[in-house]
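Asker: So the sequence lines, in the order shown, correspond to chains A and B. Mapping of the first sequence onto the numbering used here: position 16 corresponds to residue 16, and the numbering continues sequentially without gaps. Basically the numbering used here = 1-based index in the second sequence + 1000.
Number of protein chains: 2
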Amino acid sequence: MAENTAADASTAATPATATPGSPSHPSDPPRPDLAAMVVPLGRTLMAAEQPILDAHGLTMWGYVVLLHLDEKPIRTQAALAEAVRADKTRIIPVLDDLEARGLLRRQPDPEDRRARLLSLTAEGRHLRDATQAAIQEGEEHLLARLPAADREGFLRGLRTLHDLSGQP
Amino acid sequence: MAENTAADASTAATPATATPGSPSHPSDPPRPDLAAMVVPLGRTLMAAEQPILDAHGLTMWGYVVLLHLDEKPIRTQAALAEAVRADKTRIIPVLDDLEARGLLRRQPDPEDRRARLLSLTAEGRHLRDATQAAIQEGEEHLLARLPAADREGFLRGLRTLHDLSGQP
DNA sequence: TATTGTTATACTCTATAACTATA
DNA sequence: TATAGTTATAGAGTATAACAATA
Chain A
1 MAENTAADAS TAATPATATP GSPSHPSDPP RPDLAAMVVP LGRTLMAAEQ PILDAHGLTM
61 WGYVVLLHLD EKPIRTQAAL AEAVRADKTR IIPVLDDLEA RGLLRRQPDP EDRRARLLSL
121 TAEGRHLRDA TQAAIQEGEE HLLARLPAAD REGFLRGLRT LHDLSGQP
Chain B
1001 MAENTAADAS TAATPATATP GSPSHPSDPP RPDLAAMVVP LGRTLMAAEQ PILDAHGLTM
1061 WGYVVLLHLD EKPIRTQAAL AEAVRADKTR IIPVLDDLEA RGLLRRQPDP EDRRARLLSL
1121 TAEGRHLRDA TQAAIQEGEE HLLARLPAAD REGFLRGLRT LHDLSGQP
């Protein structure tokens, strides 16, 4: 049996999360590692997105590309790849597919024919909007289960940390 | 919904081309998708953990296993695998390594010799504590950049959503 | 020569299937 | 027969390296 020596519980008593059936009593400050909460939550969110993406005929990478292209037209595929934190070779099949379906244009830059000017078509923008609306509707469903007070701080904190993780 | 910085204008710039459908949703979402913030943040946190794990001689899976074993002794490897959301075959090399280094014990259950009783050794618990202390210290550094008000709500909201994602 | 995009290859991670041992 | 654990194999996803086009 485990010897739960109380001595070693200095700052690091471990959380007993995820044991279904027993609501946690977080009366004590010990918290799980951030990554141990953020990463599984991210997986859950992605799993929740998947059926919506399927219904809209988009892969996750395709959706990510549409999102980043809509913000502002991008001049090179390498820049797009960096923006979505992907390898430049990884998005090529994605662009091939989106272009073939008329969701984006990939035109050689007249001023530097090596580069490809990337822009969304009207169809691409429409699909992006519809997909994002559905996704965020699902997310609102989840956020609704947060106390109103926490919800504000959670969203602001998440946004801040996300923005920070760009430039450390 | 607070008005935000001008940087948000890029994400909010959704021309939408007079989508005539249903403007009954004036909830044009000026926020990124949750997954689009949570997943990259998770990757950043993992990347920040990596050097600490290296310094302590642990892989990420090894650390995860130590964390979950410390909570309470687990009776079967399959249960452990499910707890850490991994395939049962995926953690076997991890357990092999941790056992060989004396960080955990893997004893056949006398009552059912098919099962392996998993328990942490004192060394395993000590390494776990030291590693987690270092990781959370790094995380505190990041959390310190949040406004105090947001920080509380962020941590509570994150914890709530993480707990929710266990049982949908 | 350097850079953009592309293709081909190799590597990493993960899951599936088959095997051993206990029950 | 069924279950826990293990091993071997195959698959998906990703990155690395070599190539063609343009500058």
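Each residue gets a CB set at the ideal place from its N, CA and C atoms; glycine is no exception. Note that this is a predicted model, so its numbers are computed, not measured.
1) From residue 149(A) to residue 1155(B), what does the alpha carbon distance come to, in whole angstroms?
2) I'd like the ranges of any alpha helix (DSSP H) spanning at least 4 consecutive residues and lying wholly in the region 98-148 of chain A.
3) The alpha helix (DSSP H) spanning residue 40(A) covers which residue range?
4) Can you list the residues of chain A that residue 1157(B) reaches, using a CB-CB cut of under 7 Å?
5) Contact criterion: CB-CB distance below 8 Å. Does residue 1035(B) meet it with respect to chain A?
6) At a cut of 8 Å, does the region 1060-1067 of chain B reach the region 1119-1138 of chain B through at least three beta carbon pairs?
7) Got a sec? Which residues, its chain only, sit under 8 Å from residue 1116(B) by beta carbon, not counting five neighbours each side?
8) Would you mind telling me which residues of chain A sit closer than 8 Å to residue 1164(B), beta carbon to beta carbon, in chain order?
9) Using the beta-carbon of each residue, which ones in chain A are nearer than 8 Å to residue 1040(B)?
10) To which residues does DSSP link residue 1074(B) through a beta bridge?
11) Measuring CB atoms only, is the region 1090-1097 of chain B touching the region 1046-1057 of chain B, in the sense that at least three cross pairs come out at less than 8 Å?
12) Who are the near neighbours of residue 91(A) in its chain, counting only those whose CB is closer than 8 Å to its CB and skipping five residues on each side?
13) Among the candidates 166(A), 133(A), 162(A) and 153(A), whose CA atom is the shortest distance from the CA of residue 55(A)?
14) Would residue 141(A) be called buried (16 or more neighbouring beta carbons within 10 Å of its own) or exposed?
15) Does DSSP classify residue 1090(B) as helix, strand or coil?
16) Distance check for residue 111(A) and residue 39(A), CA to CA, integer angstroms please.
17) For residue 113(A) and chain B, any beta-carbon pair shorter than 8 Å?
18) With a 10 Å radius around its C-beta and 16 neighbouring C-beta atoms as the bar for buried, classify residue 114(A) as buried or exposed.
19) Taking residue 103(A) and residue 121(A) to be in contact with their CB atoms under 8 Å, please state how far apart those CB atoms are, rounded to whole angstroms.
20) Residues in the same chain with beta-carbon distance under 8 Å from residue 151(A), minus the five sequence neighbours each way, listed in chain order, please.
21) Name the residue from 1031(B), 1123(B) and 1166(B) whose alpha carbon lies nearest to the alpha carbon of residue 1101(B).
22) Give a yes or no on whether the C-beta atoms belonging to residue 37(A) and residue 1158(B) are separated by under 8 Å.
23) What is the rounded straight-line gap between the Cα of residue 89(A) and the Cα of residue 118(A)?
24) Determine, for residue 59(A), whether the minimum Cβ-Cβ distance to residues of chain B falls below 8 Å.
25) Is residue 153(A) helix, strand or coil by DSSP?
26) Leaving out five residues before and five after residue 27(A) in sequence, what residues of the same chain have Cβ atoms less than 7 Å from its Cβ?
27) What's the call for residue 21(A), buried or exposed, on a 16-neighbour Cβ count within 10 Å?
28) With a threshold of 8 Å between beta-carbons, can residue 1170(B) be considered close to chain A, or not?
Answerer: Concretely, from the data shown:
1) When rounded, the distance between both Cα atoms is 12 Å.
2) For the region 98-148 of chain A, whole alpha helix (DSSP H) runs of length 4 or above, ordered along the chain, are 122-143.
3) It spans 34-55 - the alpha helix (DSSP H) in which residue 40(A) sits, taken as one unbroken run.
4) Result: 146, 150, 151, 153 and 154.
5) Closer than 8 Å: yes.
6) The region 1119-1138 of chain B and the region 1060-1067 of chain B touch, with three or more beta-carbon pairs separated by less than 8 Å.
7) Contacts found: 1076, 1077, 1106, 1107, 1108 and 1109.
8) Those are 142 and 145, listed as they occur along chain A.
9) Near residue 1040(B) (Cβ distances below 8 Å), the residues of chain A are 85, 162 and 165.
10) Its beta-bridge partners are 1118(B).
11) No: fewer than three Cβ pairs fall under 8 Å.
12) Hits under 8 Å: 61, 65, 77, 80, 81 and 84.
13) Nearest of 166(A), 133(A), 162(A) and 153(A) to residue 55(A), Cα basis: 133(A).
14) Exposed is the call here.
15) Coil at residue 1090(B), not helix or strand.
16) Cα-Cα distance, rounded: 43 Å.
17) Closer than 8 Å to the CB of residue 113(A) there is not a single CB belonging to chain B.
18) Around the beta carbon of residue 114(A), fewer than 16 other beta carbons lie within 10 angstroms, which makes this residue exposed.
19) Separation of the CB atoms of residue 103(A) and residue 121(A) is rounded to 6 Å, and the pair is thereby assigned contact status at 8 Å.
20) These residues qualify, in order along the chain: 143.
21) Looking from the CA of residue 1101(B), the closest CA among 1031(B), 1123(B) and 1166(B) belongs to 1123(B).
22) Yes, Cβ-Cβ distance for residue 37(A) and residue 1158(B) is below 8 Å.
23) Those two C-alpha atoms are separated by around 16 Å.
24) No Cβ of chain B is located within less than 8 Å of the beta carbon of residue 59(A).
25) Helix at residue 153(A).
26) With a pLDDT of 39 at residue 27(A), under the threshold of 50, the modelled position of that residue is not reliable, and no figure is offered here.
27) Because the pLDDT of residue 21(A) is 32, which lies under 50, any placement of that residue in the model is unreliable, and the number read from its coordinates should be weighed accordingly. Answer is exposed; the Cβ neighbour count stays below 16.
28) No information on residue 1170(B) is available, as it lies outside the stretch 1001 to 1168 that chain B covers here.
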